[in-house]
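> One structure coming up, written as structure tokens, with questions to follow.
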Amino acid sequence: MEALKAMTESVVDLEERRQQLFEQLSNLGDFRPGMISVRYRKCGRGNCACAQAGHAGHGPQYLWNTTQRGKSRAQNLHLGPELQQVESELANYRRFVALCGEIVEVNEQICRLRPVPTLSDERELAQLKKTLQRKYSRKLRKS
Numbered sequence: 027m028e029a030l031k032a033m034t035e036s037v038v039d040l041e042e043r044r045q046q047l048f049e050q051l052s053n054l055g056d057f058r059p060g061m062i063s064v065r066y067r068k069c070g071r072g073n074c075a076c077a078q079a080g081h082a083g084h085g086p087q088y089l090w091n092t093t094q095r096g097k098s099r100a101q102n103l104h105l106g107p108e109l110q111q112v113e114s115e116l117a118n119y120r121r122f123v124a125l126c127g128e129i130v131e132v133n134e135q136i137c138r139l140r141p142v143p144t145l146s147d148e149r150e151l152a153q154l155k156k157t158l159q160r161k162y163s164r165k166l167r168k169s
């Protein structure tokens, strides 16, 4: 009985932790994936200083880069508030990913600790087994 109580307290503690993580997630604010890169480029004019050997090129230019749904995108950012805003959004995205990972870990622990329901009726148990066998044997045949 005491082991069941300790297990229940752990589940309750984990559910409370999960709720705290959800609250942190809801207070996260704006976020976006990607990274900021700095680049220097050559303009292509032969008489420009950037065409000289050893010259870094025009810049720095600040770019927000991301790949979503297989498409790469880049956007120029202005030095100042715009760059600072994007930095903040990228940091929030990293926090979002970390929080999602923590939520998954806590949920896995809850699933392991939560007791499996028992069926007292043998007919109900046999029907459940039959249903589950049909469900998963179909998936094996389709593969």
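To convert a position in the sequence shown, counted from 1, into this note's numbering, add 26. Even for Gly, the Cβ is constructed at its ideal location relative to N, Cα and C.
1. Leaving aside the five residues before and after residue 119 along the sequence, list all residues of the same chain whose C-beta is less than 7 Å from its C-beta, in chain order.
2. Would you mind stating whether residue 40 and residue 129 have Cβ atoms separated by less than 8 Å?
3. Evaluate residue 162 with the Cβ neighbour count: other Cβ atoms within 10 Å of its Cβ, from every protein chain shown; 16 or more gives buried, anything less gives exposed.
4. Between the C-alpha atoms of residue 109 and residue 103, what's the straight-line distance to the nearest angstrom?
5. List in chain order: all unbroken alpha helix (DSSP H) runs of 4+ residues lying wholly within the segment 120-168.
6. Leaving out five residues on either side along the sequence, give the residues of the same chain with a beta carbon under 7 Å from the beta carbon of residue 140.
7. Where does residue 47 sit, in a helix, a strand or coil, going by DSSP?
8. Any idea what DSSP makes of residue 38, helix, strand or coil?
9. Any chance the segment 82-95 sits against the segment 66-73, with 3 or more Cβ pairs inside 8 Å?
10. To the nearest angstrom, how far is it from the Cα of residue 122 to the Cα of residue 159?
According to the data block:
1. Position 93 of the sequence shown, counting from 1, holds the residue named residue 119. If we look at residue 119 and ignore the five residues flanking it on each side, its Cβ neighbours are 57, 58, 59.
2. On the sequence shown, residue 40 is found 14 positions in, with the first residue counted as 1. On the sequence shown, residue 129 is found 103 positions in, with the first residue counted as 1. For the pair residue 40 and residue 129, the CB atoms are not nearer than the 8 Å cut-off.
3. Indexing the sequence shown from 1 puts residue 162 at position 136. Taking every protein chain shown into account, the CB of residue 162 has fewer than 16 other CB atoms within 10 angstroms, so this residue is exposed.
4. Your numbering for residue 109 matches position 83 in the sequence shown. Your numbering for residue 103 matches position 77 in the sequence shown. Straight-line measurement puts the Cα of residue 103 at about 6 Å from the Cα of residue 109.
5. Runs of the alpha helix (DSSP H) inside the segment 120-168: 148-168.
6. Within the sequence shown, the letter at position 114 stands for residue 140. Excluding residues within five positions, the ones whose Cβ falls inside 7 Å are 37.
7. Sequence index remark: in the sequence shown, residue 47 carries index 21 (1-based). Judged by DSSP in its simplified three-state form, residue 47 adopts helix.
8. As a first step, residue 38 is located in the sequence shown; it is residue number 12 there, counting from the start. In this structure, residue 38 counts as helix in the three-state DSSP scheme.
9. The segment 82-95, when compared against the segment 66-73, does touch it at the 8 Å Cβ threshold.
10. By 1-based counting over the sequence shown, the position of residue 122 is 96. By 1-based counting over the sequence shown, the position of residue 159 is 133. Taking the straight line from one Cα to the other gives about 38 Å.
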